[in-house]
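In what follows, a structure is listed as structure tokens, so that the remarks can point back to it.
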Amino acid sequence: MQTKELYQIKIYQNQPAKTPAAFADWLNPQQTAPVQRFHQTLPDYQPTPLLALPNLAAAGGVRQVLVKDEAKRFGLNAFKALGSSWAMASLLADRIRVQAAFQNEGLAALQTPAARQALQQQQIAFCTATDGNHGRGVAWAARLFGCPAHVYMPAGTEPERLQNIAALGAQVCNTGLSYDETVAVAASQAQANGWLLVQDTSLPDYTAIPQLIIQGYSTIAAELLEQLHAQGGPAPTHVFLQAGVGSMAGGMLAFLAQAFAAQGWPPPAFIIVEPTAVACCALAAQTGNMQAQIAGVQQTIMAGLNCGTPCSVVMPLLAERAAVFAACPDFVAAHGMRLAANPLPGDPAFVAGESGAPGLGLAALLLQKPRLQPLRQMLNLNAASVLLCLNTEGDTVPRIWRQAQAGGWPLPPELS
Ligand SMILES: Cc1ncc(COP(=O)(O)O)c(C=O)c1O
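The sequence shown begins at 182 in our numbering and counts up one residue at a time.
Structural data, given as structure tokens:
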């Protein structure tokens, strides 16, 4: 693995496998076909916008920059409810034995009088650990399905994140521990109380539910494909994906790689973006230890990415298939937040939060800052490149968003 660090941005160039990927069954398009159909039956479902930033692209000498704006998802300001809603609904459908109807009809299969009665009798309660967005998605879906939810949050949780979850009717507890330790607390509380643990990362002997959650993210890829076709635009060559435990990134890699292959499009390069303090996926890929861990409570504004242990069901895939792992300081996220709010004239403005913006922040810095040319070369960005970023959250903590807009977490002087 070749590595290079410039102005605190560290790029690890991976050597992705060249042979066609053999993806696990649960990542297969046939298994994820009912997912978008289910999401379409949920209240407030709308495909999230695919934005084009042609002026940033032109200024940076590439063909196009695209952003899929997941802040618009279900009015929840982040993409995460896609995973929890699909997983929780599937689990409920299993419990009351309406899986076949559920696969065809989605939510309606859980809302017939008989289904409602069966669900009431079962008294199912959900439980999870979260640094914010996943827990909000679990609380939202639990309320939709009429079930209680218990949500555990780590040290450093911003009060807004906690309040947003409590406002959906969930019981919320700040453990004062690291994210990894909080996941362990949620798991033991679930076991002790007979709650269903809905965790967006794997644990020893706990992989089926994270797999369902990751399947839930496939709706992003399905919509993207439809939007690319509708726009008649070029296919992305570079996909920037921010990672906490890597579940979202691993899922998107699998779904997009398969979808692109089915279209006959060349496979894009996947760039995995993490906070410097907790770049656990980069560490796993670099060391070959898929369980590599960054212990303790780490500091970064990117709360959703502040996870020390990669998700075991996708980490091998990321290590095998990602082109690049990038470890980025907070200023990269803040740059993306500012660029989204104040784009180049003519490009659309949107709201990107601290965990939603690092992919765009890194892409923009590589395009805008000649001093980063050596890193740009490692990513092979050129006039034919089409960059795709996911804005995975909006202003989930308005104070941090405002602080970034006011110049907080500035670029190093050499880059500004
Ligand atoms: C906004 C946002 N983006 C990205 C991620 C990363 O997802 P994952 O933990 O699956 O890597 C998260 C995780 O919570 C998030 O909240």
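All C-beta atoms, glycine included, are put in the ideal place defined by N, C-alpha and C. Computed from a predicted structure; not experimentally measured.
DSSP state of residue i mapped onto helix, strand, coil
| i | result |
| --- | --- |
| Gln472 | coil |
| Thr382 | coil |
| Phe436 | helix |
| Lys253 | helix |
| Ala296 | helix |
| Phe219 | helix |
| Pro210 | helix |
| Pro456 | strand |
| Val319 | helix |
| Leu247 | strand |
| Val353 | strand |
| Ile192 | strand |
| Ala398 | Going by the sequence as given, residue 398 is Tyr instead of Ala. Here Tyr398 sits in coil by DSSP. |
| Phe506 | strand |
| Ala450 | strand |
| Leu377 | strand |
| Ala259 | strand |
Residue range of the unbroken alpha helix (DSSP H) whose run includes residue i
| i | result |
| --- | --- |
| Val513 | Asp511 to Ala522 |
| Gln344 | Pro340 to Ala347 |
| Met606 | In the structure as shown, the chain starts at 182 and stops at 597, and residue 606 therefore has no counterpart that could be examined. |
| Ala270 | Ala262 to Arg276 |
| Ser369 | Tyr360 to Asn374 |
| Trp582 | Pro579 to Gln586 |
| Gly540 | Pro539 to Gln549 |
| Gln124 | Outside the displayed range of the chain (182 to 597) lies residue 124, so it cannot be described from this structure. |
| Glu286 | Gln280 to Glu286 |
| Gln558 | Gln554 to Met559 |
heavy atom of ligand 1 below 7 angstroms from residue i C-beta
| i | result |
| --- | --- |
| Lys261 | yes |
| Ser536 | yes |
| Asp381 | yes |
| Asp511 | no |
| Cys461 | no |
| Val426 | yes |
| His315 | yes |
| Gln423 | yes |
| Cys488 | yes |
| Ala268 | no |
| Glu341 | no |
| Thr573 | yes |
| Ala430 | yes |
| Asp312 | yes |
| Gly485 | yes |
Exposure of residue i, with buried meaning 16 or more beta-carbon neighbours within 10 Å
| i | result |
| --- | --- |
| His410 | exposed |
| Asp206 | exposed |
| Pro449 | buried |
| Asn285 | exposed |
| Arg557 | buried |
| Glu595 | exposed |
| Ala443 | exposed |
| Ser493 | buried |
| Lys249 | buried |
| Ser369 | exposed |
| Pro529 | exposed |
| Asp511 | buried |
| Asp225 | exposed |
| Gly517 | buried |
| Lys185 | exposed |
| Asn563 | exposed |
| Ser597 | exposed |
| Gly537 | buried |
| Ala268 | buried |
| Ala463 | buried |
| Arg317 | buried |
| Pro182 | One detail in the question is off: residue 182 reads as Met in this sequence, not Pro. By the neighbour-count rule (16 or more Cβ atoms within 10 Å), Met182 is not buried but exposed. |
Delimiting residues of the beta strand (DSSP E) encompassing residue i
| i | result |
| --- | --- |
| Phe307 | Phe307 to Ala310 |
| Leu231 | Leu231 to Ala233 |
| Thr184 | Gln183 to Leu187 |
| Asn572 | Val567 to Asn572 |
| Phe421 | His419 to Gln423 |
| Ala330 | Ala330 to Met334 |
Ligand 3 heavy atom lying under 7 angstroms from the CB of residue i
| i | result |
| --- | --- |
| Gly517 | This structure simply doesn't include ligand 3; it includes ligand 1 instead. |
Short CB-CB distance (under 8 angstroms) between residue i and chain D
| i | result |
| --- | --- |
| Asn572 | In the displayed structure, chain D is absent; only one protein chain is listed. |
On the three-pair Cβ rule with 8 angstroms, is the stretch 360 to 371 touching the stretch 393 to 409?
no
Between the stretch 525 to 534 and the stretch 577 to 584, do at least 3 Cβ pairs fall closer than 8 angstroms?
yes
Segment contact flag, the stretch 486 to 499 with the stretch 541 to 551, C-beta cutoff 8 angstroms, min 3 pairs
no
Counting Cβ pairs, one atom from each stretch, are 3 or more of them under 8 angstroms apart for the stretch 424 to 431 and the stretch 381 to 401?
yes
Does the stretch 518 to 525 come into contact with the stretch 388 to 395, if we say contact requires no fewer than three beta-carbon pairs (one atom in each stretch) closer than 8 angstroms?
no
Is it the case that the stretch 285 to 298 contacts the stretch 339 to 351, given that we only count it when at least three CB pairs across the two stretches are under 8 angstroms?
no
Counting pairs of Cβ atoms below 8 angstroms between the stretch 305 to 314 and the stretch 323 to 341, do you hit three or more?
yes
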